[in-house]
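Structure first, commentary second.
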Amino acid sequence: MRDMASECCLSVTKYFLFLFNLIFFLLGLSVLGLGFSIIFSESSLLIPDPPYLSKFLYTLLLFISGSVTMLLGFFGSLGALKEIRCMLAVYFIMLTVLLAAQTIVTVLFFTQRSAFENSLESHVTEIIKSFEKNDSSLQHFQKSLEFVQREAQCCGWNGKNDWKEFPCSCLYINATVNATFQSSDICPCPRSSNYTCAVYEKNCREIIKNWLDGNLMIILGVVLALALVEICGTILSMCLYNWVSMDYSMTFY
1 MRDMASECCL SVTKYFLFLF NLIFFLLGLS VLGLGFSIIF SESSLLIPDP
51 PYLSKFLYTL LLFISGSVTM LLGFFGSLGA LKEIRCMLAV YFIMLTVLLA
101 AQTIVTVLFF TQRSAFENSL ESHVTEIIKS FEKNDSSLQH FQKSLEFVQR
151 EAQCCGWNGK NDWKEFPCSC LYINATVNAT FQSSDICPCP RSSNYTCAVY
201 EKNCREIIKN WLDGNLMIIL GVVLALALVE ICGTILSMCL YNWVSMDYSM
251 TFY
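Under our numbering, think of the first position of the sequence shown as 1, with each following residue one higher.
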């Protein structure tokens with residue numbers, strides 16, 4: 001028979017574990033949503049194949065991590081509320097494995113960042129050259145580059161001089177021409193001669209780099225938050241495991 005102090009300690013541990021698993025579930029949902037946002041973003045097509053890794057491996061890992069995290073959140077909540085010893089043990093093991101896997105993936109992600117950025121520069125340069133060669137095999141990537149240039153209001157990887165002929169996405173349509181634009185930058189609009197178009201002065205390198213940095217920081221922040229919850233979850237699950245009686249008959253009502 002448990003004394004009152006033990007019962008109180010058990011209840012606090014149980015509901016703290018339930019609360020952590022609720023947070024765990026919501027964070028897993030956010031990781032899953034982040035993976036979907038990267039997959040369906042037009043600008044994500046610009047991301048090249050990192051060395052030794054497939055294009056959507058990181059996104060796939062986000063899907064897997066998010067899904068497993070959500071399942072573990074549900075699994076841990078059930079084990080905590082019902083005080084099922086075997087479920088708590090399995091939950092602890094799976095949580096430890098997930099924490100180790102996330103740590104390895106995060107380390108690999110950031111240690112290969114320099115190689116990834118160099119690969120991205122070569123990839124964008126190849127896309128720009130494909131415009132000049134009328135290479136239709138990179139049509140989807142061309143559209144992605146034009147989308148980035150149009151939305152970010154930039155032109156070329158290092159600047160407008162990357163282009164021999166400016167694509168439509170480089171043109172600032174109906175711009176007020178001022179002293180910052182040279183006469184050679186002013187182009188007739190392809191659809192109407194009643195407007196003039198000025199070429200964007202900003203390069204896309206810094207804009208894309210900042211976009212990637214922003215996403216990397218979001219991913220890192222979510223992963224660190226998950227890791228903190230996972231560590232707390234492993235500690236609480238072991239505490240609850242040690243407190244729970246081996247008598248399973250009391251756990252199913």
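Yeah, the Cβ is synthetic: ideal placement off N, Cα and C, and Gly gets one too.
Because the structure is a prediction, the values reported are computed rather than measured.
_Assuming Asn242 is part of the alpha helix (DSSP H), what are its boundary residues?_
Counted from its first residue, the sequence shown places residue 242 at position 242. Where Asn242 is concerned, the enclosing alpha helix (DSSP H) stretches over Cys204 to Trp243.
*Pair every Cβ in the region 217 to 225 with every Cβ in the region 86 to 98, then say whether three or more of these pairs are closer than 8 Å.*
Counting Cβ pairs under 8 Å, fewer than three are found: no touch.
_Helix, strand or coil at Lys91 according to DSSP, with G and I counted as helix_ = Locating residue 91 in the sequence shown gives position 91, counting from the first residue. Before going further, note that residue 91 is Tyr rather than Lys in the sequence given. Three-state DSSP puts Tyr91 in a helix.
*In the structure shown, what three-state DSSP assignment does Tyr172 receive?*
On the sequence shown, position 172 is the one that residue 172 refers to. In the structure shown, Tyr172 sits in a strand (DSSP, three-state: E or B).
*Of the residues Thr13, Phe18 and Gly28, which one's Cα is nearest the Cα of Val280?*
Examination of residue 280 is not possible in this model, given that the chain is present from 1 through 253 alone.
_Selected residue, minimal CA-CA separation from Val68, among Ser144, Leu26, Ile104 and Cys232_ = Reading the sequence shown from its first residue, position 68 is the one you call residue 68. Leu26 is the residue among Ser144, Leu26, Ile104 and Cys232 whose C-alpha sits nearest the C-alpha of Val68.
_For Phe110 and Val244, the rounded distance between their alpha carbons_ = Your numbering for residue 244 matches position 244 in the sequence shown. Your numbering for residue 110 matches position 110 in the sequence shown. Approximately 41 Å, taken between the alpha carbons.
_Please classify Tyr15 as buried or exposed, where buried requires at least 16 other C-beta atoms within 10 Å of its C-beta._
For the purposes of this step, residue 15 is taken as residue 15 along the sequence shown, with counting starting at 1. Exposed, since its Cβ has fewer than 16 Cβ neighbours within 10 Å.
*Have a look at Ser65 and Leu236 and give me their C-alpha separation to the nearest angstrom.*
Residue numbering aside, residue 65 sits at position 65 when the sequence shown is read from its first letter. Residue numbering aside, residue 236 sits at position 236 when the sequence shown is read from its first letter. When rounded, the distance between both Cα atoms is 21 Å.
*Label Phe36 either buried or exposed according to how many other C-beta atoms from any shown protein chain fall within 10 Å of its C-beta, with 16 as the threshold for buried.*
Your numbering for residue 36 matches position 36 in the sequence shown. Exposed is the call here.
*Look at the alpha carbon of Ala115 and the alpha carbon of Asp162, and state the distance between them as a whole number of angstroms.*
Walking along the sequence shown from the start, residue 115 turns up at place 115. Walking along the sequence shown from the start, residue 162 turns up at place 162. Going from the Cα of Ala115 to the Cα of Asp162 covers about 22 Å.
_Rounded C-alpha distance that separates Arg150 from Phe63_ = Residue numbering aside, residue 150 sits at position 150 when the sequence shown is read from its first letter. Residue numbering aside, residue 63 sits at position 63 when the sequence shown is read from its first letter. Annotation: Arg150 to Phe63 spans about 30 Å, alpha carbon to alpha carbon.
*Which word fits Leu72, buried or exposed, when buried means at least 16 other C-beta atoms lie within 10 angstroms of its C-beta?*
As a first step, residue 72 must be located in the sequence shown, where it is residue number 72. Answer is buried; the Cβ neighbour count reaches 16.
*Hey, how far is the Cα of Glu117 from the Cα of Glu201?*
Position 117 of the sequence shown, counted from the first residue, corresponds to residue 117. Position 201 of the sequence shown, counted from the first residue, corresponds to residue 201. Here the alpha carbons of Glu201 and Glu117 stand approximately 22 Å from one another.
_Nearest-angstrom Cα separation, counted from Leu226 out to Ser30_ = Counted from its first residue, the sequence shown places residue 30 at position 30. Counted from its first residue, the sequence shown places residue 226 at position 226. Taking C-alpha positions only, Ser30 is separated from Leu226 by approximately 10 Å.
*Could you name each continuous alpha helix (DSSP H) segment of 4 residues or more that falls completely within the region 95 to 162, going from the start of the chain to the end?*
Those alpha helix (DSSP H) runs which fall completely within the region 95 to 162 and span 4+ residues are 113 to 133 and 139 to 152.
*asked:* Quick check on Gly33: buried or exposed, where buried means 16 or more other Cβ atoms within 10 Å of its Cβ?
replied: Position 33 of the sequence shown, counted from the start, is the residue given in the question as residue 33. With fewer than 16 Cβ atoms within 10 Å of its Cβ, Gly33 is classed as exposed.
*Taking the alpha-carbon positions, what's the Ser184 to Leu99 distance?*
In the sequence shown, the residue the question calls residue 184 occupies position 184. In the sequence shown, the residue the question calls residue 99 occupies position 99. Only weak support exists for where Ser184 lies, its pLDDT of 39 falling under 50; the value from the coordinates is given anyway. When rounded, the distance between both Cα atoms is 56 Å.
_Expected contact under 8 Å - CB spacing of Cys232 and Phe92 to nearest Å_ = By one-based count along the sequence shown, residue 232 stands at place 232. By one-based count along the sequence shown, residue 92 stands at place 92. Taking C-beta atoms under 8 Å as the contact rule, Cys232 and Phe92 fail to qualify, at a distance of about 12 Å.
*Closer than 6 Å by C-beta to Ser169: which residues in its own chain qualify, once you throw out the five before and the five after it? Chain order, please.*
Counted from its first residue, the sequence shown places residue 169 at position 169. Counting only Cβ-Cβ distances below 6 Å, and skipping sequence neighbours, we find Glu146, Gln149 and Arg150.
*Which residues in the same chain have their Cβ closer than 7 Å to the Cβ of Thr23, if we skip the five residues on either side of it in sequence?*
For this step, residue 23 is matched to residue 23 along the sequence shown. For the sequence presented, residue 23 should be read as Ile rather than Thr. Excluding residues within five positions, the ones whose Cβ falls inside 7 Å are Val229.
*In three-state terms, what does DSSP make of Phe166?*
Looking up residue 166 in the sequence shown gives position 166. For Phe166, the three-state secondary structure derived from DSSP is coil.
*Quick one: Cα of Cys239 to Cα of Glu126, how far?*
The count along the sequence shown starts at 1 and reaches residue 239 at position 239. The count along the sequence shown starts at 1 and reaches residue 126 at position 126. For Cys239 and Glu126, the distance between alpha carbons rounds to 56 Å.
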